[in-house]
Amino acid sequence: IITLSIESSCDETAVAVLKNGREVLANVVSTQIELHKKFGGVVPEVASRKHIENIDAVYQEALDTAGIKPEEIDHIAVTYGPGLVGALLVGLSYAKALAFTLGIPLVGVNHMQGHINANYIQHKDLKPPFITLVVSGGHTHLVEVKNYQDYEILGRTRDDASGEAFDKISRAMGLGYPGGPIIDKLAKQGNKHAIEFPRAYLDDSYDFSFSGLKSAVLNYLNAQKMKKQEIVVEDVAASFQEAVVEVLSTKAVHAAEEKGYKTIALSGGVAANSALREKITKMAGEKGIEIKFPSIELCTDNAAMIGCAGYHNFINGKIDDMSLNAVPNLKIDVN
Ligand code: ATP
Ligand code: MG
Ligand code: FE
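Plus 3 on top of the position in the sequence shown (first one is 1) and you've got full-length UniProt numbering.
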């Protein structure tokens, strides 16, 4: 089965071609990061316009790379939520036009289920059930993956997402956008014990909270400026990152233990974080739990992950019609 998938929920215009769900024949990503950098974050209207400009060329490049003709595609998979409504509509309209003209099924995909499915592409033998820690720009969730289309939310952030915290702290220190990769790199030269930032464990709940940590870092930066004291950005980055990573790792390992799972898969952009990968692998290893994560390119937004989730929807009969609409606040557990 050949899947052609489209992703345009935020600031990446992406098209991929997959064979039987896990074999990636093409995975083309055109990122708008440079365009949004000067604003310190994604500007929705600018993102939508850029998707319109890009999508045709990205589609053509995906076909060329995969070496297939449009007639060979069996179905179209497309992100229909969550994300920016204008951005989503560009990919969705393009997908509908393709499905209609080629006379093939249209399959709507939940972007967050896409992030989780990136693990199947990376680990060809991975099968549900397992626990996944979904950490991205807009989400921080602990999810039980019961089957390919059966997701149960165990906990979620009550305020900021972990990726959002990285981006905000980076911006506050004037380091740039997106903050995650920048802080990850700087932290390697810093002392993670230099500053004691708070960790919110929220008793034994599977929920998360990062707004208190964010405020603590902002207060620390202000206090240092008021006192005309030096700010060692490497130490702030390392200490902040350690606080995030410690809570994420502790809760995910705890959930796996309590629910009796031997595998935790990391999903979403923050799963690219080197300190998170290292810490959770160590903590889980001590409990006999295995950690899996996708390659860096498969962690952040791409269409291959959407194709994999779309393939699972397709073979399980979840097919949409032309009335499929964008759902900006789509919940993780909705197919
Ligand atoms: P969502 O998937 O929730 O809709 P999104 O698509 O914008 O949001 P992703 O593409 O999954 O988010 O991930 C982008 C986020 O990942 C950004 O917040 C970015 O800072 C963060 N990120 C990327 N690389 C790293 C890293 N190495 N360390 C920490 N965070 C990272
Ligand atoms: Mg992005
Ligand atoms: Fe994403």
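Quick reminder that beta carbons are idealized off the backbone N, C-alpha and C, glycines included.
Straight-line gap, residue i to residue j (C-alpha atoms, nearest Å)
i           : j           : result
residue 273 : residue 22  : 27 Å
residue 205 : residue 137 : 18 Å
residue 38  : residue 12  : 16 Å
residue 78  : residue 293 : 34 Å
residue 30  : residue 18  : 6 Å
residue 320 : residue 169 : 38 Å
residue 187 : residue 278 : 7 Å
residue 282 : residue 252 : 7 Å
residue 20  : residue 33  : 15 Å
residue 315 : residue 153 : 11 Å
residue 285 : residue 50  : 39 Å
residue 104 : residue 155 : 36 Å
residue 177 : residue 42  : 12 Å
residue 48  : residue 89  : 7 Å
residue 143 : residue 183 : 14 Å
residue 325 : residue 109 : 8 Å
residue 207 : residue 199 : 22 Å
residue 141 : residue 45  : 12 Å
residue 214 : residue 222 : 12 Å
residue 227 : residue 160 : 29 Å
residue 310 : residue 111 : 10 Å
residue 86  : residue 275 : 20 Å
residue 132 : residue 235 : 43 Å
residue 92  : residue 151 : 26 Å
residue 244 : residue 179 : 16 Å
residue 211 : residue 266 : 21 Å
residue 322 : residue 224 : 51 Å
residue 52  : residue 304 : 18 Å
For residue i, the residue or residues it bridges with in DSSP
i           : result
residue 160 : 211
residue 154 : 148
residue 32  : 17
residue 133 : 148
residue 143 : 138
residue 26  : 22
residue 323 : 109
Distance between beta carbons of residue j and residue i, contact taken as under 8 Å
i           : j           : result
residue 146 : residue 335 : 6 Å
residue 83  : residue 329 : 6 Å
residue 172 : residue 217 : 7 Å
residue 264 : residue 134 : 5 Å
residue 249 : residue 202 : 6 Å
residue 189 : residue 240 : 4 Å
residue 9   : residue 76  : Contact doesn't hold; Cβ gap of about 12 Å is too wide.
residue 237 : residue 192 : 4 Å
residue 129 : residue 295 : 6 Å
residue 338 : residue 194 : Their Cβ separation, rounded to whole angstroms, is 45 Å, which puts residue 338 and residue 194 out of contact at 8 Å.
residue 67  : residue 36  : 24 Å between Cβ atoms; not a contact.
residue 290 : residue 261 : With a Cβ gap of about 11 Å, residue 290 and residue 261 do not count as contacting.
residue 258 : residue 209 : 6 Å
Continuous beta strand (DSSP E) stretch holding residue i: start and end
i           : result
residue 78  : 78-84
residue 15  : 15-22
residue 189 : From DSSP, residue 189 is part of no beta strand (DSSP E) but of the alpha helix (DSSP H) over 182-190.
residue 270 : 266-270
residue 8   : 5-10
Range of the contiguous alpha helix (DSSP H) that encloses residue i
i           : result
residue 118 : 114-125
residue 303 : Residue 303 -> no alpha helix (DSSP H), and no H or E assigned at all.
residue 95  : 88-105
residue 293 : Element bounds for residue 293: not the alpha helix (DSSP H) but the beta strand (DSSP E), 293-295.
residue 57  : 47-69
residue 165 : 165-175
residue 330 : Taken as a continuous stretch (DSSP letters only), residue 330 belongs to no alpha helix (DSSP H), as it is neither H nor E.
residue 277 : 277-288
residue 256 : 236-262
| field | Three CB pairs or more closer than 8 Å across the stretch 55-69 and the stretch 152-168 | value | no
| Are the stretch 115-123 and the stretch 263-280 in contact at 8 Å, needing three or more beta carbon pairs? | yes
| message | Tell me whether the stretch 123-133 and the stretch 95-114 touch, counting them as touching only if at least three CB pairs, one residue from each stretch, are closer than 8 Å. | response | no
| query | Can we say the stretch 296-312 touches the stretch 48-60, given the rule of at least three CB pairs closer than 8 Å? | reply | no
| said: Three Cβ pairs or more, each shorter than 8 Å: is that satisfied between the stretch 98-112 and the stretch 25-40? | reply: no
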